[in-house]
Amino acid sequence: MALIELKNINYCYSLGTAFEKHALRDVSMAVDAGESVGLIGHTGSGKSTLIRHFNGLLRPNSGQVLYQGNDLWKKPNEIRSIRFQIGLVFQYPETQIFEETVGKDIAYGPRNMGLDQEEINARIRESLQCVGLDKSYLERNPFRLSGGEMRRVAIAGVLAMRPKVLILDEPAAGLDPEGRHALFDALHQYRRKSGAAVVLVSHSMEDIADFVDRVVVLDQGSVALDGPVASIFAQAEKLVSIGLDIPQSTKVLLGLKAKGYSVKTAAYTVEQAERELLCFLKEADRP
Amino acid sequence: MTRDLTVGQFIPGHSLMHRLDPRTKLMLTFLFIIQVFLTKSALSLLFLLLLLWIYIVCAQVPAQKVFRAVRPIIPVIIVTALLNIFYVSGHVLWHYAFLRITDQGLFTGFTLLVRLITLIAGCSLITYTTSLNALASGLEQLLAPLKRLHFPVNELSMTLSITLRFLPTLAEELDRIIEAQKARGAQFGTGTILNRIRAFFPVILPLFMSAFRRAFELTNAIECRCYHGGEGRTKLHPLKLRRLDYAAVIFFLAAFAMTLIFNGIRQPF
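Residue numbers (UniProt numbering), protein chains in the order written: chain A, 1 to 287; chain B, 1 to 269.
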């Protein structure tokens, strides 16, 4: 049984008015525990609408959201407690910071869960460490931090609830390479430690290739493709036709192949591409 | 989306009302408001409703949208009407303890109800048929004579148009922040009053932060385009009064006079 499953979700904005917009059409997808799934799609393809269904912020017009096999909307009163298990990090999460110290802001989620102070403190320390910030940050004013640090504090605020599913919408948008690296390290670490499932929404094919095992492609509100990273990026033409891209390194290999070099093109990260190229060069050296 | 953002938002179109000069529309709206408050008799009330219907048709705005603009203030209207029903003296129709309903009270309450609904519905038409830019430049020109008195007309109209422009943006931002805090387990509208107020800090504070951030960004953008106030600034589309505007003014004045005449005719009440 999948940890969280969406079944035939349909969703319309402003239903019944002149501004009606069918945002999701018959979307089904499932995420298993410990899995990392990438969600990609053109702007306006319904990614942001879709992730709001995972934790019950939006109620589908039809279809089911199943968490551990239970329909979320059977007991709407319990949705709040489920939100603690399905962490959702929105775009530019640093804009939701409101407390005067980093520690207090991270404590907001755990405090809402009704945990005791000792447990809250333990979780603050743990999540702060997870995002790569040391204890000296606890008493600092979050509004004085750099953009990347603020982003990590905001994400720590969600990690402190120890969600079993972590959903992130463009977590690396606007970060410099160093901030991006620190962020993805943190996410890797959280996933390894907690065994949580991670859903990553991103426009950057590099981020997707680096971080996830499986990719779901949305196009105009429906699932266009769903499969392992390799099989998705192998369909470069289809991706381009729905306004998406493939990783730079894959492009290089495809380009070489088009020029008549017999390289293998099944590489999506810089490391994989490097390996393929070295392999190719070694073979080429051989008489 | 927790609220409907389309109330009062400009609907592009080419109706008679759309083609009027914003200055004309502002003045006529003002005239209409006075007219509504001068409406006293049953006959002029009926006439007012007829006018409203004509204006809605001329604006080609779905009547449903117009009444959606009225909806939020319906509780206020009802309370006001009820107070009038109980407090106006006249021929007593029904009484219980200290509560009395009189024929005059009933009529006054009803009049008030119709007048307020017409007022809001009528005023909503100008926002439905006039873009914010047109509204701001119309207001700027109408207030222009005040410049002699060193009244900052340009700054005022700029401030106004920025405010109106950013209302939907901030409303969207508010929704976003509410969702983000809900994802962290925020609960609104439960518990003691103190708790309810406390629950809004995590929403209001980020909203203020983001409003300030936007303000600074906007300042930079405005400076980059060398904005220096109204002095010597020309318009891409200068406002011009046309025959339609004069016709509208004549119509409104005639309607105004009709209301006064209808007020004078003897009523059954």
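Just so you know, even glycine gets a beta-carbon here, dropped at the ideal spot from N, CA and C.
Flagged as an interface residue toward chain B: asparagine 55(A), by a C-beta distance shorter than 8 Å.
The alpha helix (DSSP H) runs of length 4 or more contained entirely in the region 104 to 181 of chain A are, from start to end of the chain, 117 to 130 and 147 to 159. Counting along the chain, the unbroken alpha helix (DSSP H) around lysine 182(B) starts and ends at 153 to 183. Here serine 41(B) is actually not in contact with asparagine 195(B); their C-beta atoms are around 51 Å apart, not less than 8 Å.
Think of a sphere of 7 Å around the beta carbon of alanine 171(B): no beta carbon from chain A falls inside it, the nearest being about 14 Å out. Cα atoms of aspartate 245(B) and cysteine 58(B): separation of roughly 13 Å, rounded to the nearest angstrom. The alpha helix (DSSP H) runs lying completely inside the region 123 to 153 of chain B and spanning 4 residues or more are 132 to 143, given in chain order. Proximity to asparagine 121(A) across Gly114(A), Ala107(A) and Arg152(A) peaks at Ala107(A), based on C-alpha coordinates. Excluding the 5 residues flanking it on each side, aspartate 226(A) has same chain C-beta neighbours closer than 6 Å at Val216, in chain order. When Cβ pairs closer than 8 Å are counted between the two stretches, the region 146 to 160 of chain A is seen to touch the region 178 to 189 of chain A, the count reaching three or more. The closest CA to that of methionine 29(A), considering only Ile9(A), Ala23(A) and Ala236(A), is found on Ile9(A).
The residue among Pro202(B), Ala97(B), Cys123(B) and Asn84(B) with its C-alpha nearest the C-alpha of glutamine 104(B) is Asn84(B). Alanine 273(A) sits close to leucine 253(A), with the two beta carbons spaced by under 8 Å. At a cut-off of 8 Å, the C-beta of isoleucine 97(A) has a neighbouring C-beta in chain B.
If you check each beta-carbon in the region 112 to 129 of chain A against every beta-carbon of chain B, the ones closer than 7 Å belong to Asn112 and Met113. Among the residues of chain A, those whose CB is under 8 Å from the CB of serine 210(B) are Thr95, following chain order. In the three-state scheme derived from DSSP, where H, G and I count as helix and E and B as strand, methionine 27(B) is classed as helix.
When rounded, the separation of the alpha-carbon atoms in proline 152(B) and cysteine 130(A) is 54 Å. For glycine 109(A), at least one C-beta of chain B is nearer than 8 Å to its own C-beta. Taking a Cβ-Cβ cut-off of 7 Å, the neighbours of leucine 205(B) in chain A comprise Phe98, given in sequence order.
Taking 8 Å as the CB threshold, arginine 71(B) stays off the interface with chain A. Distance from the CA of glutamate 119(A) to the CA of arginine 198(B), rounded to the nearest whole angstrom, comes to 23 Å. According to DSSP, residue pairing for isoleucine 204(B) in a beta bridge does not occur. With a threshold of 8 Å between beta carbons, glycine 189(B) makes no contact with chain A. The three-state reading of DSSP puts isoleucine 9(A) in strand, counting E and B together. Around glutamate 5(A), the same chain offers Ala30 and Leu66 as residues with beta carbons nearer than 7 Å, after the five sequence neighbours per side are excluded. Between isoleucine 167(A) and glycine 87(A), the gap from beta carbon to beta carbon is short of 8 Å. Interface flag for glutamate 179(B) against chain A is set, since a Cβ pair is found closer than 8 Å. Of all residues in the region 22 to 52 of chain B, none is placed with a Cβ closer than 7 Å to any Cβ belonging to chain A.
Going by beta carbons, asparagine 141(A) and glutamate 100(A) fall inside the 8 Å limit. For valine 31(A), no Cβ of chain B is located within less than 8 Å of the residue's own Cβ. Interface with chain B (8 Å Cβ-Cβ cutoff): phenylalanine 90(A) is included. The DSSP-derived three-state label of glycine 46(A) is coil. DSSP, reduced to helix, strand and coil, places alanine 23(A) within a strand of the structure shown. Taking one beta carbon from each stretch, the region 90 to 104 of chain B and the region 275 to 284 of chain A have fewer than 3 pairs nearer than 8 Å; the two do not touch. For valine 158(A), a Cβ of chain B is located within less than 8 Å of the residue's own Cβ.
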